[in-house]
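A.B. asks:
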Amino acid sequence: MDGTLLDLHYDNHFWLEHVPTHYAKKHQLSLDDAKAQLKTHYNDFSGTLNWYNLDHWSEQLDMDIPTLKLETAQRIKVRENVEQFLNFLQRQQKHIILLTNAHPKTITIKFQHTTIEHYFDQIITSHDIGLAKEQAGFWDRLHQRIDFKIENSLFIDDSLDVLRAAKQHNIAYLLAIHQPDSQQGVVDTKEFTAVECFTQLL
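Numbering (the working numbering), first residue to last: 93 to 294.
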């Protein structure tokens, strides 16, 4: 969802600017020191389910992360032409599944500030599965939960680690995102074809 359907700028700004600002005030640190301390915390949990868990971070940092997220919710933006693409898939009677690492509280906030929820036939978070999308075993657990044909499935994600895990599971069609954060440059998607604009898929 984040960086694929929604602009990753909201999340990057939140974790790299908004949280450090509040953390610095709470602990009477300079902003640079706060960012350095938080970077260590972040790195400890990168690639795990806890990295995406708002309750985990609220406990770890002794801060109300969901409330802080609402403070910057005006930055939540649907990427250009995403709704046109989802509408196209609906008209083609495709089964559309939102498969996201986002915590349920994050999903609630995102859907409160966008109009994309109604496009999805199913919404599955990695917190329901018990593993992050990039972790070994995720796709096996997902297959136990829902029936889908890997040879007919298109999976789009902005994370190369997530795409590589999907490739290991032999998902047939994989696409990366050219510029997940509209305020940053394009990314090198390595071995994966990248979508620059969703109208390319219409």
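Note that beta-carbon positions come from the ideal geometry of N, C-alpha and C, so glycine has one too. Computed from a predicted model, the values in this text were never measured in an experiment.
What are the uninterrupted segments assigned as beta strand (DSSP E) that are 3 or more residues long and contained completely in the stretch 110-160, given in chain order?
C.D. replies: None, since the stretch 110-160 contains no complete beta strand (DSSP E) of that length.
A.B. asks: Please report the residue range of the alpha helix (DSSP H) in which F230 lies.
C.D. replies: For the purposes of this step, residue 230 is taken as residue 138 along the sequence shown, with counting starting at 1. 230-237 is the span of the alpha helix (DSSP H), which, as asked, contains F230.
A.B. asks: List the DSSP bridge partners of D213.
C.D. replies: Here residue 213 is taken as the residue at index 121 of the sequence shown, counted from 1. None, per the DSSP bridge assignment.
A.B. asks: Using only CA atoms, which one of L266, T164, M93 lies nearest to L108?
C.D. replies: Your numbering for residue 108 matches position 16 in the sequence shown. Of the listed residues, the one whose Cα sits closest to L108 is T164.
A.B. asks: How big is the Cα-Cα spacing for D99 and H119?
C.D. replies: Here residue 99 refers to the residue found at position 7 when the sequence shown is read from its first residue. Here residue 119 refers to the residue found at position 27 when the sequence shown is read from its first residue. So the two alpha carbons sit approximately 30 Å from each other.
A.B. asks: Please go through the stretch 161-204 and give each complete alpha helix (DSSP H) segment of 4 or more residues, from N-terminal end onward.
C.D. replies: If we require 4 residues or more, the alpha helix (DSSP H) runs fully inside the stretch 161-204 come out as 174-183, 196-204.
A.B. asks: Give the secondary structure of A224 by DSSP, where H, G and I count as helix, E and B as strand, and everything else as coil.
C.D. replies: Position 132 of the sequence shown, counting from 1, holds the residue named residue 224. A224 falls in the coil class under three-state DSSP.
A.B. asks: Verify whether the separation of the beta carbon atoms of Y115 and L153 is less than 8 Å.
C.D. replies: Counting from 1 along the sequence shown, the entry for residue 115 is found at position 23. Counting from 1 along the sequence shown, the entry for residue 153 is found at position 61. Yes, they are a contact pair.
A.B. asks: Starting from the Cα of T159, find the closest Cα among S122, N193, T198, F137 and give me that residue.
C.D. replies: Locating residue 159 in the sequence shown gives position 67, counting from the first residue. Closest option to T159, Cα to Cα, is T198.
A.B. asks: Between the alpha carbons of G139 and F180, how many angstroms are there, rounded?
C.D. replies: The residue labelled residue 139 in the question sits at position 47 within the sequence shown. The residue labelled residue 180 in the question sits at position 88 within the sequence shown. Taking the straight line from one Cα to the other gives about 32 Å.
A.B. asks: Which of helix, strand or coil does DSSP assign to V254?
C.D. replies: For the purposes of this step, residue 254 is taken as the residue at position 162 of the sequence shown. Helix.
A.B. asks: Only counting the same chain, and skipping five residues up and downstream in sequence, which positions put a Cβ closer than 6 Å to that of L191?
C.D. replies: Position 99 of the sequence shown, counted from the start, is the residue given in the question as residue 191. Cβ within range, chain order: I216.
A.B. asks: How far does the beta strand (DSSP E) with I269 in it extend, from its first residue to its last?
C.D. replies: For the purposes of this step, residue 269 is taken as the residue at position 177 of the sequence shown. 265-269 is the extent of the beta strand (DSSP E) around I269.
A.B. asks: Flag this pair as yes or no: are the beta carbons of Y211 and I238 separated by less than 8 Å?
C.D. replies: Within the sequence shown, the letter at position 119 stands for residue 211. Within the sequence shown, the letter at position 146 stands for residue 238. Against a cut-off of 8 Å, the Cβ pair of I238 and Y211 comes out as no contact.
A.B. asks: Do you know how far the Cα of E288 is from the Cα of K169?
C.D. replies: Numbered from its first residue, the sequence shown carries residue 169 at position 77. Numbered from its first residue, the sequence shown carries residue 288 at position 196. Those two C-alpha atoms are separated by around 16 Å.
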